[in-house]
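> Once you've had a glance at the structure underneath, I'll fire off some questions.
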Amino acid sequence: MVAVESTSLTYQTADWVAGYESLIQEHDYWIETIEGEIPTQLRGTIFRNGPGRLGVGEQRYGHPFDGDGLIVAIRFEDGRAHFQNRFVRTPEFEAEQKAQKILYRGVFGTQKPGGWLANIFDLTFKNPANTNVVYHGGKLLALWEASLPYRLDPQTLATDGRESFGQALKSGEAFTAHPRRDPKTGDLMAFGVSTGINSTLSLYRINAKGQMIQRRDQPMKGFAFIHDFVWMPGYQVFFQNPVSFNPLPFVLGFQSAGTCLKLDEQGSTQAWIYPDDGEPISLPTEAGFVFHHVNGYVESQDPQILVVDSIVYDHLPPLEPIEDYRQINFEQVPPGRLVRFRLDLSHRHVSQEVLLERSVEFPVIAPTYMGGRHRYIYMGTTDQPGPNAPLQAVVKLDVETGEQQIHSFGSQCFIGEPLFIPQPGATQEDAGWISVMVFDASSKRSFVALLDAQTITAGTVAKLHLNHHVPYGLHGCFTPELFG
Ligand code: CO
């Protein structure tokens, strides 16, 4: 039977919610059911991270961002693909697994059961190690921005322990979930924020061997909630959103920390530019909230102009303390808009323009263009241009011509972050594949979709059907090395 494609696809909230079931079982198998063909040139390993356990026993965490990090590894070799998944074995994960109940407060929405009495003065968070996984300098690192990375065995995904880069980071220090790699030197740039009434921003540089070779600690005025940054040769750029934090309900045990955040829509976002040598420069821009940046580069030296592409929200997505995230009404959630900022350092001025009128998230570019002038951006998007909805499609934007290519997976399918895999030896920016994890609510299973990055509208090159679902993930990476 031929499936009928509707031109006005809608989605059911119940279908979307079904992707937020925990995957407790750990698997290790060759994927048998493949539609299409895996290109034989595609060789290497995808690592992904995301909340895989969304509650303990009968109790659910208050927000998926509090869920425990589940690492997925997919190895591509000779037209075949191998799947493996394993939890990051943090002490908190082990303790909750043993107790079969929630023992820790989560940053975003999870209170320990027992009301305010059980939470009062408990200022310790669980490190769920759930946001990203990077392979760098022979180390596979599971990342969560408010604490040290966890080091994993890339072959078995077994947890080795916390990574301090030879004691360069102290216990309890922060390390971003969004480091950026200089494609020329192979150095990994990262940062950590320690925040309060005032903040400290620590800039880290880790060489290709995985050793921390530089650390700069910079004071930053006020509260800072910074998820991502931009690196380009000579500069690092951070957006300090006008977010205030009211710690009182958190300390008193009424609310989780994430629900105590408030965006001042009348305030201004500060763009902080840190030159490699020289004092930081701060430029005010319009208020907005940025989780993710796409990329940035030096557009001209005289006048000195830096370009930064980012996903901007007009308000903070709601994190109400009593709200069940599974009852979310997407039409009331602010859409993420792709915005190009021009930071004119010569005239101390910032301008901005919207590059795409469509709700988008999880932007990626070809990794070899990091810090350079990119032409193509790949993102998750909604099936229709509006109103706001879950991510069901992949969009490729050509920022030079404005051309968009979109592939939607249909009304019962929901996607995570697209990942760009370069074709070996490629010279064109978009020569490669887009891999994306898709949850199909009709079968309650997930598949890995591969698209040709040059022809997104042509649809999938291959669909790799898994024997189970994978809960919605966050970020990941690709390495040409074979693991798992
Ligand atoms: Co992120």
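With our numbering applied, the sequence shown closes on residue 1146, and no number is skipped along the way. C-beta: ideal position from N, C-alpha, C; glycine also.
Please confirm whether residue 1056 and residue 1080 have their CB atoms less than 7 Å apart.
yes
> Here's a check: name, in chain order, each residue in its chain whose Cβ is nearer than 7 Å to the Cβ of residue 690, leaving out the five neighbours to either side.
746
> Within its chain, find whatever has a CB closer than 7 Å to the CB of residue 816; leave out the 5 residues flanking it on each side and keep chain order.
If we look at residue 816 and ignore the five residues flanking it on each side, its Cβ neighbours are 797, 802, 1145.
> Specify which residues have a beta carbon nearer than 7 Å to any heavy atom of ligand 1, listing them in chain order.
793, 794, 839, 840, 889, 890, 953, 954, 1136, 1137
> Is it buried or exposed, residue 1047, if we count other Cβ atoms within 10 angstroms and call 16 or more buried?
exposed
> Helix, strand or coil: which one does DSSP assign to residue 740?
Under the three-state reduction of DSSP, residue 740 is assigned to coil, being neither helix nor strand.
> Under the rule that 16 or more other beta-carbon atoms within 10 Å means buried, what is residue 984, buried or exposed?
Confidence is the limiting factor: at residue 984 the pLDDT is only 47, short of 50, which leaves the residue's position unreliable, though a coordinate-based value still follows. Flag for residue 984 reads exposed.
> Report yes or no: do the region 733–752 and the region 698–711 share at least 3 C-beta pairs separated by less than 8 Å?
yes
> Rounding to the nearest angstrom, what Cα-Cα distance links residue 672 and residue 726 in this structure?
24 Å
> To the nearest whole angstrom, what separates the beta carbons of residue 790 and residue 730, a pair I think is in contact under 8 Å?
5 Å
> By Cβ distance, which residues of its chain are closer than 7 Å to residue 850, with the 5 residues on each side in sequence left out?
798, 841, 843, 868.
> If we require 3 or more residues per run, which beta strand (DSSP E) segments fall completely within the region 702–743?
List check, beta strand (DSSP E) in window: 706–710, 713–715, 730–739.
> Tell me, please, which residues DSSP counts as bridged to residue 798.
801
> Considering only C-alpha positions, which residue in the set 1005, 774, 943, 1035 is nearest to residue 881?
943
> Please report the distance separating the alpha-carbon of residue 970 from that of residue 1045.
26 Å
> Does the structure place the region 817–832 close enough to the region 743–760 that three or more beta carbon pairs sit under 8 Å?
yes
> Going by beta carbon distance, what residues of the same chain come within less than 7 Å of residue 989, once the five residues before and after it are set aside?
none
> Taking all protein chains shown into account, do 16 or more other C-beta atoms lie within 10 angstroms of the C-beta of residue 1149, making it buried, or fewer, making it exposed?
Residue 1149 lies beyond the residue range present for the chain, which begins at 663 and ends at 1146; the question has no answer from this structure.
> Under the rule that 16 or more other beta-carbon atoms within 10 Å means buried, what is residue 1120, buried or exposed?
If you draw a 10 Å sphere on the C-beta of residue 1120, you find fewer than 16 other C-beta atoms in it, and that means exposed.
> With a cut-off of 8 Å, do at least 3 Cβ pairs link the region 889–897 to the region 949–956?
yes
> For the candidate residues 717, 793, 1082, whose alpha-carbon lies nearest to that of residue 1025?
1082
> With respect to 6 Å, is the separation between the Cβ of residue 788 and the closest non-hydrogen atom of ligand 2 below this value?
No copy of ligand 2 occurs in the structure displayed; its ligands are ligand 1 alone.
> What is the rounded straight-line gap between the Cα of residue 825 and the Cα of residue 1078?
Distance between the alpha carbons of residue 825 and residue 1078: 27 Å.
> Going by the CB atoms, is the gap between residue 907 and residue 925 shorter than 7 Å?
Not a contact, by the Cβ cut-off of 7 Å.
> Rounded to a whole number of angstroms, what is the C-alpha to C-alpha distance between residue 855 and residue 1042?
27 Å
> Under 6 Å Cβ to Cβ from residue 1067, same chain only, skipping five residues before and after it: list those, please.
1058, 1118, 1119
> By Cβ distance, which residues of its chain are closer than 8 Å to residue 763, with the 5 residues on each side in sequence left out?
718, 719, 721, 775
> Which runs of the beta strand (DSSP E) at least 3 residues long sit entirely within the region 866–893? Give them in chain order.
874–882
> Does the Cβ of residue 1069 have 16 or more other Cβ atoms within 10 Å, making it buried, or fewer, making it exposed?
buried
> Across which residues does DSSP place residue 931 in a beta bridge pair?
947
> Taking its Cβ as the centre, do 16 or more other Cβ atoms sit within 10 Å of residue 920, making it buried, or is it exposed?
buried
> Would residue 1125 and residue 1111 be called neighbours here (beta carbons separated by less than 7 Å)?
Yes.
> Would you tell me roughly how many angstroms separate the C-alpha atoms of residue 896 and residue 972, rounded to the nearest one?
19 Å
> How should residue 754 be labelled, buried or exposed, when 16 other C-beta atoms within 10 angstroms of its C-beta is the threshold for buried?
buried
> Where do the ends of the alpha helix (DSSP H) carrying residue 755 lie?
753–761
> Could you give the distance in angstroms between the alpha-carbon of residue 946 and the alpha-carbon of residue 1012?
7 Å
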